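Shown next, in structure tokens, is the structure this report addresses.
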Amino acid sequence: MAADPPGVRLMIGLWHWLTSPATWSGSEGAWALIGQHLGYSGVVMGLAALIGIPLGLWVGHSGRGGSAVVNLVNGMRALPTLGLLYAAVLVIGPRLSGSAAFQVPAIGVLVILAVPPVLAGTYSGIDAVPPDAHDAATGMGMTGWQRLWRVEVPCALPLILSGLRSAALQVIATATLAAYVGLGGLGYFLQLGQGARDYPMMAGGSVLVACLALVVDLVLAGVQKLVVSPGLSPESDSSDR
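Per this note's numbering, the sequence shown starts with residue 123, numbered consecutively.
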């Protein structure tokens, strides 16, 4: 009898790996690693939002530095993440002790990755507010601060949240690199599988990362649908046309 093709063997091995109780239990099981992955990603997204959203609001509202933001965003997206991670660990790690020697550089590099889409989404959203809305707010006697929070931010909210969703997907996908400096997460399966040439484990880790990113994006899409005014959603624009 002929042996199964490699692709079939891989799919069978992947199914066995995903359905094995050993895959999901223990401190190095899938559930624990998913928790670690979400924890790192949540910290990174919180820091990226604290940096990117205020800066994007200021640039979009003031109209200053728009071209600089575009160039900065494009430049930061071109950075080699893995190389930057290793460089950060080598430079910053010796100055810290314990797990912080690896956590701080890894989180810092992921924040650098997450800030550009958050900043770009926020700036684009504020910049795209119709001039009529500015004129109406000014005519009502609103101050610049009131115009920002009562008019510009609500109108820009769809693009701001789109930037956050894009950043979240990138962070979840790239956080797998944290395993290469000993921080765990779902990248542990990729690293361990590569070392042991366990290709079903590597494929399973990739599937879990993809599923986690999909679930997070669906959750954020639901949040976006709840907080964005129906009149600003793309669905309402297409129905009006």
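All C-beta atoms in this analysis are idealised placements derived from N, C-alpha and C, irrespective of residue type, glycine included. It should be emphasised that the depicted structure is a prediction, and the values quoted were computed from it without experimental measurement.
It is roughly 6 Å from the alpha-carbon of isoleucine 282 to the alpha-carbon of glycine 247. Taking the CA atoms as reference points, isoleucine 175 sits about 9 Å from valine 237. For the pair arginine 287 and aspartate 320, the CB atoms are not nearer than the 9 Å cut-off. Assignment of proline 127 by DSSP, reduced to helix, strand and coil, places it in the coil class. Contact check for leucine 235 and glutamine 292: beta-carbon distance about 6 Å, within the 8 Å limit, so the pair qualifies. Contact between the region 199-208 and the region 299-313 is present, with at least three C-beta pairs closer than 8 Å.
Burial check for threonine 141: the Cβ neighbour count within 10 Å stays below 16, so the residue is exposed. Check the Cα spacing between glycine 168 and each of Trp267, Gly230, Met198, Ser189: the tightest is with Gly230. Leucine 312 is positioned such that its CB atom lies closer than 9 Å to that of threonine 298. Comparing alpha carbon positions, the residue from Ile294, Ile134, Tyr310 closest to valine 337 is Ile294. Methionine 198 and proline 127 have their alpha carbons spaced roughly 42 Å apart. In this structure methionine 324 touches glycine 315 by the C-beta definition: roughly 4 Å separates them, less than 8 Å. Spanning the alpha carbons of serine 221 and leucine 136 requires a straight line of approximately 32 Å. Straight-line measurement puts the Cα of arginine 186 at about 23 Å from the Cα of serine 284.
Our two residues, proline 227 and valine 166, have alpha carbons roughly 12 Å apart in a direct line.
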